[in-house]
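This report refers to the structure that appears directly beneath it.
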Amino acid sequence: MPYIELKNINKVFNPNSNREHHALKNINLVINKGDFITIIGGNGAGKSTLFNAISGVFPLDSGSISINDVEISSTKEFERAKYISRVFQNPLDNTAPRMTVAENMALALNRGERRTLKFSKNKDNIALFENLLKNLNLGLEQKLNTEMGVLSGGQRQAIALLMATMKAPELILLDEHTAALDPKTQKKIMLLSEEKVKEKNLTALMITHNLQDALTYGNRMLLLHQGEIVRDFSEEEKKKLSVTDLYKIMVDLDE
Numbered sequence: 001m002p003y004i005e006l007k008n009i010n011k012v013f014n015p016n017s018n019r020e021h022h023a024l025k026n027i028n029l030v031i032n033k034g035d036f037i038t039i040i041g042g043n044g045a046g047k048s049t050l051f052n053a054i055s056g057v058f059p060l061d062s063g064s065i066s067i068n069d070v071e072i073s074s075t076k077e078f079e080r081a082k083y084i085s086r087v088f089q090n091p092l093d094n095t096a097p098r099m100t101v102a103e104n105m106a107l108a109l110n111r112g113e114r115r116t117l118k119f120s121k122n123k124d125n126i127a128l129f130e131n132l133l134k135n136l137n138l139g140l141e142q143k144l145n146t147e148m149g150v151l152s153g154g155q156r157q158a159i160a161l162l163m164a165t166m167k168a169p170e171l172i173l174l175d176e177h178t179a180a181l182d183p184k185t186q187k188k189i190m191l192l193s194e195e196k197v198k199e200k201n202l203t204a205l206m207i208t209h210n211l212q213d214a215l216t217y218g219n220r221m222l223l224l225h226q227g228e229i230v231r232d233f234s235e236e237e238k239k240k241l242s243v244t245d246l247y248k249i250m251v252d253l254d255e
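So for the sequence shown, our numbering puts the first residue at 1; every next one is plus one.
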């Protein structure tokens, strides 16, 4: 039985107008437990729209989404937060900049429940947060009482990734989460992402414009074009591809 299934997903923006845009066209996707799927495609291919559809940012025009045999298509975005975590491209979008690291982590620990900051002062939770941060080997365990806004982009993304995986969501969406970082930090965050997915046997989808990362990470790769999934590469197929091969496949779609 599929762990996550998208059936006949369609989304049209500005229908019946000269700005009509069919952003998602009959998307069908079966995701198995533990899949780490990279997603590529040119600008306007529908990648972020697909993530927004899964997250519940807007209602579907048609189709259904189920997670672990639970239909979620009609649920609101905040309700889906119990099942789905998302890490965005901009580090500022993933955390509350005027709250401390501990307060941000407390909110993540309490995800899907009544939100309170008293968790950030609980001694057991402080010990948990320190241990989790220490395992990142970035020295962030010393910054629990530091406001998130003063940390570097890489530090914020590392903490955001940690927060997104603390409660082992049913699905984690990595939305170009390394795009705003320098190359060295990108590599660190990608390795951390892979580590967390494997460590907790998470099911993950990752949008990236870095074709090498798309080939290096994950066990499947989707290619989107004009709102459709045009290729679904298996792990074995990915291993046989080079960045040049992949670039040619993408260029040929536009011809």
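The beta-carbon is built from N, C-alpha and C at its ideal position, and this holds for glycine as well.
Residue i to residue j span [Cα, whole Å]
i	j	result
Ala214	Leu205	11 Å
Leu253	Ala45	11 Å
Leu128	Arg19	50 Å
Lys240	Asn219	13 Å
Lys47	Lys143	35 Å
Phe13	His21	5 Å
Own chain, CB closer than 7 Å to residue i, minus 5 neighbours either side, in chain order
i	result
Gln262	The shown model of the chain, from 1 to 255, leaves out residue 262, and the question about it has no answer.
Ala168	Lys200 and Leu202
Gln135	Before going further, note that residue 135 is Asn rather than Gln in the sequence given. Excluding sequence neighbours, Asn135 sits near nothing in its chain.
Leu138	Gln155 and Ala158
Residue i and residue j closer than 8 Å at C-beta
i	j	result
Ile67	Leu171	yes
Tyr217	Met250	no
Ser55	Leu173	yes
Val87	Asn94	yes
Own chain, CB closer than 6 Å to residue i, minus 5 neighbours either side, in chain order
i	result
Arg231	Leu223
Glu228	Lys25
Asn32	Tyr3
Buried/exposed call for residue i, threshold 16 Cβ in 10 Å
i	result
Gly154	buried
Phe58	exposed
Lys248	exposed
Asp35	buried
Phe233	buried
Residue i beta carbon near the ligand MG (any heavy atom closer than 7 Å)
i	result
Glu237	Annotation note on the ligand MG: not contained in the displayed structure, which lists no ligands.
8 Å CB neighbourhood of residue i in its chain, flanking five on each side removed
i	result
Ala96	Glu103, Asn104, Leu107 and Met148
Legend entry - Every unbroken beta strand (DSSP E) inside the stretch 95-147 [3 residues or more]: Taking only runs of at least 3 residues, no beta strand (DSSP E) segment lies wholly in the stretch 95-147.
Inset, instruction - Within the stretch 161-234, note down every full beta strand (DSSP E) run reaching 3 residues or more, in order along the chain. - result: Qualifying beta strand (DSSP E) stretches, in chain order: 171-175, 204-207, 220-225 and 228-233.
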